[in-house]
Structure formats: structure tokens, C-alpha cells
Amino acid sequence: MNAYPENFKNLLVEETKRRIIEESVPRIKKCLSKLSVEEIWRHPNQETVSVGNLVLHLCGNVSQWILAGLGNFPDTRERDREFSEAGGISTERLIKDMDDLMLKVTEVLDQLSPDDLLKKKRVQGFEETGIAILIHVTEHFSYHTGQITYYVKANKNIDMNYYGGIDLNKK
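Spelled out as C-alpha cells, the structure:
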């Protein structure tokens with residue numbers, strides 16, 4: 544008998560998909576829609592990467608950790624390129640690449656077994672369980688989604704209205 548039953552696996556996978564695919568990806572798309580291509584690739588200073596670099600970084604991280612780590616795809620990530628790209632990639636291309644990646648992510652997540660959550664995999668030089676991989680990717684994606692949101696709010700002086708129509712003061 545598995546230490547983690549099928550329903551636990553299903554709950555963890557569905558929550559991962561909800562946080563990344565249903566929440567963060569639409570938020571990033573909304574942010575991208577508020578920025579020009581020049582703004583997407585603007586580096587606020589020497590120590591801060593552009594929104595475009597963050598999108599590339601998220602795609603690289605997800606590809607390495609979920610596709611290669613859990614889905615046994617080849618690890619083709621070139622992490623340094625995620626940060627060195629200076630532009631030349633359109634908003635539409637960033638969104639298409641992110642959407643295509645999320646389709647592959649969904650396929651991998653839907654094929655996971657409860658045992659896959661317990662197996663250790665080597666990813667980016669770390670030995671991680673499937674559970675740790677899903678938690679890492681979820682928190683990493685959320686963290687950078689917040690950075691992208693902050694950039695848009697700070698530079699455009701707009702409310703992204705992610706929770707429009709929802710009473711967040713309910714108890």
C-alpha cells in the first residue's frame with residue numbers, strides 16, 4: 544500500500560495546477576498586457592532583471608523541475624540565457640511559449656502516481672522528492688509572479704484587480 548493515497552496525490556496535483564496555471568499564469572498575462580515590449584525588457588537597474596527575463600526564468604525553472612525532473616524530459620535548460628536575453632522576444636511569443644509549456648506541465652502532472660511523489664529525483668544538482676519539486680515550483684512561480692505584479696503596479700500606478708468582486712474581509 545502506498546504511503547500517500549491516490550486522493551492525496553490528486554489534491555496536491557490539482558492545487559499545484561490551480562496555483563500555477565489557473566492563478567499565476569493569468570496574472571502574468573494580465574501584467575504583460577499592461578506593458579509595452581520596451582517596458583517588458585527594461586532593466587530598472589543593474590541588479591534587477593526585466594519582466595521578460597522573469598518570464599523566461601519561470602519557463603526555464605518549470606521545464607527543468609517539472610518536465611525534466613518529474614516527466615523525464617531531457618533537461619535542456621540554459622539558465623544564464625534566461626537572464627542575459629535583452630529583448631527581441633514579443634509579448635505574444637512569451638505568452639505562447641508559456642501556454643505551450645503549461646500544456647506539457649499539465650500532461651506530466653496528470654500522469655504522476657502517488658509513488659512519484661515520494662521518489663527522489665536529481666534536479667539542478669539537488670536531490671528532491673516529487674512533493675518537494677511541486678512545492679518548490681509553486682512557491683517559486685508565485686514569488687516571481689509577485690515581482691512582476693509589483694513592477695507593473697509601481698510603474699503604471701494601477702490596481703491589477705486580481706480579486707475583483709471578492710470580499711476579502713469575510714471571516
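In our numbering, the protein residues as written are 544 to 714. Quick reminder that beta carbons are idealized off the backbone N, C-alpha and C, glycines included. If you're wondering where the values come from, they're calculated on a predicted model, not measured in any experiment.
Per DSSP, cross-strand counterpart(s) of residue i
i           : result
residue 666 : 669
residue 588 : 591
Alpha carbon of residue i to alpha carbon of residue j, nearest angstrom
i           : j           : result
residue 567 : residue 651 : 18 Å
residue 700 : residue 658 : 47 Å
residue 564 : residue 575 : 16 Å
residue 783 : residue 610 : Residue 783 falls outside the range modelled here, since the chain spans only 544 to 714, and no answer is possible.
residue 616 : residue 655 : 14 Å
residue 626 : residue 687 : 13 Å
residue 590 : residue 600 : 15 Å
residue 707 : residue 641 : 24 Å
residue 595 : residue 573 : 14 Å
residue 703 : residue 612 : 33 Å
residue 709 : residue 647 : 31 Å
residue 714 : residue 618 : 45 Å
residue 653 : residue 588 : 40 Å
residue 614 : residue 666 : 12 Å
residue 551 : residue 671 : 18 Å
residue 554 : residue 639 : 28 Å
residue 754 : residue 693 : In the structure as shown, the chain begins at 544 and stops at 714. Residue 754 is therefore absent and cannot be evaluated.
residue 683 : residue 705 : 19 Å
residue 669 : residue 622 : 15 Å
For residue j and residue i, believed in contact at Cβ under 8 Å, the rounded distance
i           : j           : result
residue 603 : residue 620 : 5 Å
residue 680 : residue 608 : 5 Å
residue 637 : residue 606 : About 14 Å separates the two Cβ atoms, so there is no contact after all.
Proximity of residue i and residue j at Cβ, strictly below 8 Å
i           : j           : result
residue 676 : residue 664 : yes
residue 597 : residue 690 : yes
residue 585 : residue 685 : no
residue 698 : residue 582 : yes
residue 715 : residue 633 : An answer regarding residue 715 cannot be provided, because it is not within the stretch 544 to 714 covered by the chain.
Closest by C-alpha distance to residue i, when choosing among the options
i           : options            : result
residue 635 : 702, 571, 552, 556 : 571
residue 649 : 637, 559, 549      : 559
residue 548 : 661, 592, 562      : 661
residue 541 : 614, 624, 666      : Shown here, the chain extends from 544 to 714; a query on residue 541 therefore has no answer.
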